[in-house]
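Enquirer:
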Ligand code: HEM
Ligand code: SF4
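Protein chains in written order, with the numbering used here: chain A, 13 to 87; chain B, 661 to 1060.
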């Protein structure tokens, strides 16, 4: 999984940052920033939830892009 | 086309503590016409999918100061200000000056202060007579103190501005002259506040906005916008949160089993808070009024015609069975609770993270401090605040 976010549409809800703090962060203005583009597998479910819950749909989850070190087969 | 008058909105509440019965029948189509307190008709969009998409749709303008837009109240220009452009890009320019004060870091830095205020208020409540009235003892003073600190408003002024704000938010409660007087007094009060902060700036959001406004090289904020946003933040900063603390707690206390569950596992507090928000038990969605500047198709194939006045039903979306399992049940363990109580899209509530934090602190502190706290009145007899923007319970007697 690879995760990206669009800070131009982010509404600074802070929801993703509260949900998965190691992956999502905010810049000085509160706009979303990704800390870990290829997060560990145990975080995937929460990241999907964060993406579904983003009030501006600013988070994209690219399921079929595995971590470079240990690529996962597409589901 | 039906010739009957569309049903009245806000819908009537169903006692003792449930969401309006009418909500059980709103999902047959994507939208329904409703009659507002003014007598005007608007289109209420009710399905989650549509409500969520339309909150982010630029074809719905939030500028409702138009002659052909439905009015919420005929006695009050609620949410209408012809000198403010509430649509992007103008709106976004100002909003981004404000949102930076609401990052997770800034909110978490405020948590110890909120905890301290909650502890102090409950100490006072414990020392006073029983039953106590939860709104005045706790639900209102807590968010008022917090928003005052954040904005740099003297908390001693609260008796003054609360009266003005009540009038400002009247739908049918007060006659138009009285509403006008309150609006003027509130505007003047905030003008005086801004002037005094100009002379003696502090470490607060209003002082920060004044600095942006007065910087000659910075054209992001004009004087009217400074005034308007200070007013909006002060009002939105406590009215909704206070109603949710009081009324949400009343709903919870009515369910002793849920109180016990939380007391056995405090990690349930955040999801319980979200679930109480989802029921939207303290108000309707009259504040979401918008105006269609183009035709907009809905999920059932119908079309919102250009020129229609539209309300986005948060409470309707929140009980849509397509999204929420057993939507009329209170489930404090709901894992995925993306309710619409704070809206969505570019107007998503600026203060949502703050409100959530306050609600979590309030709920946990109250249930820890008074393990046996309960309602001291029959649930079905709690009076609702009708005729105003918020419709939470006006009196919530509790004993412990
Ligand atoms: C439980 C408490 C609260 C609820 C249910 C609530 C609900 C909402 C909703 C539904 C909207 C969007 C309205 C729309 O799109 O038409 C909104 C906007 C807003 N809220 Fe809140 N709110 C709460 C607390 C707060 C707090 C604590 C603050 C301030 C500190 C705040 C400040 C604002 C502001 C400034 C907006 C306008 C945002 C914009 O237009 O971009 N709210 N709120
Ligand atoms: S959930 Fe969405 S809107 Fe909220 S901070 Fe994250 S990216 Fe921004």
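Ideal placement from N, C-alpha and C gives every residue a C-beta, glycine not left out.
Is the Cβ-Cβ distance between residue 831 of chain B and residue 733 of chain B less than 8 Å?
Expert: yes
Enquirer: Using a C-beta to C-beta distance shorter than 7 Å, which residues of chain B count as neighbours of residue 42 of chain A?
Expert: The answer, in chain order, is 759, 760, 762, 763.
Enquirer: The beta strand (DSSP E) that contains residue 951 of chain B, what's its start and end?
Expert: 950-952
Enquirer: Per DSSP, residue 695 of chain B is paired with what?
Expert: B:668, B:701
Enquirer: Drop a sphere of 10 angstroms on the beta-carbon of residue 907 of chain B, count the other beta-carbons inside from all chains shown, and report buried for 16 or more, exposed for fewer.
Expert: buried
Enquirer: Cβ-heavy atom distance between residue 844 of chain B and the ligand HEM below 7 Å?
Expert: no
Enquirer: Whose C-beta lies closer than 7 Å to the C-beta of residue 55 of chain A among residues of the same chain, with five residues either side of it excluded?
Expert: 32, 35.
Enquirer: If you drop the 5 nearest sequence neighbours on each side, which residues of the same chain put their C-beta closer than 6 Å to that of residue 834 of chain B?
Expert: 827
Enquirer: How about the region 698-715 of chain B and the region 968-976 of chain B: do they share at least three Cβ pairs that are nearer than 8 Å?
Expert: yes
Enquirer: With a threshold of 8 Å between beta carbons, is residue 61 of chain A in contact with chain B?
Expert: The C-beta of residue 61 of chain A comes closer than 8 Å to at least one C-beta of chain B.
Enquirer: What residues in the region 969-997 of chain B have a beta carbon less than 7 Å from any beta carbon of chain A?
Expert: 996
Enquirer: Given a threshold of 16 other Cβ atoms within 10 Å of its Cβ, counted over all protein chains shown, does residue 860 of chain B qualify as buried or as exposed?
Expert: It counts as exposed.
Enquirer: Comparing the C-beta of residue 26 of chain A with each C-beta of chain B, is any distance below 8 Å?
Expert: yes
Enquirer: Spell out whether any CB of chain A is found under 8 Å from the CB atom of residue 767 of chain B.
Expert: True, the Cβ-Cβ gap to chain A drops below 8 Å.
Enquirer: Can you list, in chain order, every residue whose CB sits closer than 5 Å to a heavy atom of the ligand SF4?
Expert: A:22, A:23, A:25, A:27, A:28, A:44, A:66, A:68, A:70
Enquirer: Within its chain, find whatever has a CB closer than 6 Å to the CB of residue 677 of chain B; leave out the 5 residues flanking it on each side and keep chain order.
Expert: 911, 914, 1039
Enquirer: Should residue 1108 of chain B be listed as close to the ligand HEM, given that the test is whether its C-beta is under 7 Å from any heavy atom?
Expert: The shown model of chain B, from 661 to 1060, leaves out residue 1108 of chain B, and the question about it has no answer.
Enquirer: Is residue 730 of chain B near the ligand HEM, going by C-beta to nearest heavy atom under 7 Å?
Expert: no
Enquirer: Nearest to residue 728 of chain B by CA position, among B:717, B:718, B:740, is which residue?
Expert: For the residues B:717, B:718, B:740, the minimum Cα distance to residue 728 of chain B belongs to B:740.
Enquirer: Secondary structure at residue 39 of chain A, three-state DSSP: helix, strand or coil?
Expert: coil
Enquirer: With a threshold of 8 Å, are at least 3 pairs of Cβ atoms found where one atom belongs to the region 742-759 of chain B and the other to the region 874-884 of chain B?
Expert: yes
Enquirer: Short of 8 Å Cβ to Cβ, which residues in the region 680-704 of chain B face chain A?
Expert: none
Enquirer: Quick check: residue 49 of chain A and residue 15 of chain A, are their CB atoms within less than 8 Å of each other?
Expert: For residue 49 of chain A and residue 15 of chain A, yes; Cβs fall inside 8 Å.
Enquirer: Give the straight-line distance between the Cα atoms of residue 954 of chain B and residue 717 of chain B, rounded to the nearest whole angstrom.
Expert: 11 Å
Enquirer: If we count the other Cβ atoms within 10 Å of its Cβ and call it buried at 16 or more, is residue 989 of chain B buried or exposed?
Expert: exposed
Enquirer: Across which residues does DSSP place residue 1029 of chain B in a beta bridge pair?
Expert: BP columns for residue 1029 of chain B are empty, so no partner.
Enquirer: Report the option in B:1001, B:871, B:818, B:1050 whose CA atom is closest to the CA atom of residue 639 of chain B.
Expert: Examination of residue 639 of chain B is not possible in this model, given that chain B is present from 661 through 1060 alone.
Enquirer: Check each residue of the region 1006-1025 of chain B: if its Cβ is closer than 9 Å to any Cβ of chain D, include it; give the result in chain order.
Expert: Here chain D cannot be found, since the structure's protein chains are A and B.
Enquirer: How long is the line joining the alpha carbons of residue 21 of chain A and residue 851 of chain B, rounded to whole angstroms?
Expert: 33 Å
Enquirer: Is there contact here, the region 1018-1028 of chain B with the region 663-670 of chain B, by at least three beta-carbon pairs under 8 Å?
Expert: no
Enquirer: Is the number of C-beta pairs between the region 799-808 of chain B and the region 764-782 of chain B that are closer than 8 Å three or more?
Expert: yes
Enquirer: What residue range is occupied by the uninterrupted beta strand (DSSP E) comprising residue 972 of chain B?
Expert: 969-972
Enquirer: Exposed or buried, what is residue 71 of chain A when buried is set at 16 or more other beta-carbons lying within 10 Å of its beta-carbon?
Expert: buried
Enquirer: Using a Cβ-Cβ cut-off of 6 Å (strictly less than) and excluding sequence neighbours within five positions of residue 984 of chain B, which residues of its own chain qualify?
Expert: none
Enquirer: Residues of chain A with CB closer than 9 Å to the CB of residue 716 of chain B, please, in chain order.
Expert: 21, 67, 68, 69
Enquirer: Which whole runs of the alpha helix (DSSP H) in the region 919-955 of chain B are 4 residues long or more, in chain order?
Expert: Listed in chain order, they are 929-938.
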